[in-house]
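Trainee: The structure under discussion is supplied below as structure tokens; questions concerning it will follow.
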Amino acid sequence: MIHIAADLHTHTIASTHAFSTITEMAHEAARLGMYAFAVTDHGPKMPDSPHIWHFTSLRRLPDQMEGVWVLKGIEANVCTLEGKMDVSDDELRDMGLDWVIASIHPPTLVPSLSVEQATHLWLQVAKNPYVDMIGHCETPRYTFDFDAVVREFAREGKVVELNANSSAVRPGGEENMKKLLAACKKHDAYIALNSDAHFSAALGRVESVIPLVEEMEYPKELLVNADQKNLLRFLQQKKKPIAQHMR
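Numbering of the sequence shown is given in full-length UniProt numbering, commencing with residue 1 and proceeding in unit increments.
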């Protein structure tokens, strides 16, 4: 049975459609015995997102809370067909965040894309050196050429997320998720199983995607949040400053 050592996609009350503080999230992560979690509130183009100052101020938080490592991050919104996000490369460089997710949300782009448009968009995002993980990209309304894009995600060292919350808020993507994971296995891409928790009690709840990963016998060494060693190795590869202190 797969267990995750870190949840790399979570939200706090800084995104006002979420319901827990970062302290409450840390408390739950500690209760679960997690090694780390990433706090990744929505980027500034989402209607209820925090001000950009929220992200520039994350550095003031401690690296550990209740004995759990806290990766300070953002779920940035891809806002153009050329893969531009609602935080610029210069801003991401200056923020020095530990974890950057790139995701598509309809309020910040368009309700749907053609396969050709979505493929082009993700190929551009793959080139962005500040993006660590691709969020819930199995969404049916943005279906893309999984083989062509995942090959580039793997080449550029991006983590592809299997989002356990997708079936609840983005239903209909189950077949896409299977195709996405098959492409990831073919190209030896990193993956992560995440809760996308908007409430502390949902932290670490990834049961809905575990059977798919086990059925496909996905290599554990490519599951970045499978254990402490995998996550730390990935953060070191990405030259994240926090990795110098983690153990």
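In this text, a Cβ means the ideal position worked out from N, Cα and C, and glycines have one as well.
From the DSSP output, which residues share a beta bridge with residue 10?
Mentor: 39, 197
Trainee: I need the DSSP call for residue 114, collapsed to helix, strand or coil.
Mentor: coil
Trainee: With 16 as the cutoff for other CB atoms within 10 Å, does residue 61 come out buried or exposed?
Mentor: exposed
Trainee: Under a three-way DSSP split, which group does residue 127 fall into?
Mentor: coil
Trainee: Mapping DSSP to helix, strand and coil, what is residue 249?
Mentor: Outside the displayed span of the chain (1 to 247) sits residue 249, for which this structure offers no information.
Trainee: Buried or exposed: where does residue 188 fall if 16 or more other Cβ atoms within 10 Å of its Cβ makes it buried?
Mentor: exposed
Trainee: Return the first residue and the last residue of the beta strand (DSSP E) that residue 103 is part of.
Mentor: 99 to 103
Trainee: How is the alpha helix (DSSP H) around residue 175 delimited, first residue to last?
Mentor: 174 to 186
Trainee: Could you check how far apart the C-beta atoms of residue 210 and residue 193 are, in whole angstroms? I think they sit under 8 angstroms.
Mentor: 7 angstroms
Trainee: May I ask you to verify whether the segment 7 to 19 touches the segment 81 to 93, counting CB pairs closer than 8 angstroms and requiring at least 3?
Mentor: no
Trainee: Express the C-alpha separation of residue 195 and residue 202 in angstroms, rounding to a whole number.
Mentor: 7 angstroms
Trainee: Helix, strand or coil, according to DSSP, for residue 71 in the structure here?
Mentor: strand
Trainee: Going by DSSP, name the residue or residues bridged to residue 221.
Mentor: Note: residue 221 sits in no beta bridge, so no partner.
Trainee: List the residues that DSSP assigns as beta-bridge partners of residue 236.
Mentor: Residue 236 is not bridged to any residue.
Trainee: Would you call residue 158 buried or exposed, if buried means 16 or more other Cβ atoms sit within 10 Å of its Cβ?
Mentor: buried
Trainee: Cβ of residue 136 within 8 angstroms of Cβ of residue 46?
Mentor: no
Trainee: Using only the alpha-carbon positions, how far apart do residue 98 and residue 178 sit?
Mentor: Rounded to the nearest angstrom, the two C-alpha atoms are 29 angstroms apart.
Trainee: Residue 242 to residue 68, Cα distance in whole Å?
Mentor: 13 angstroms
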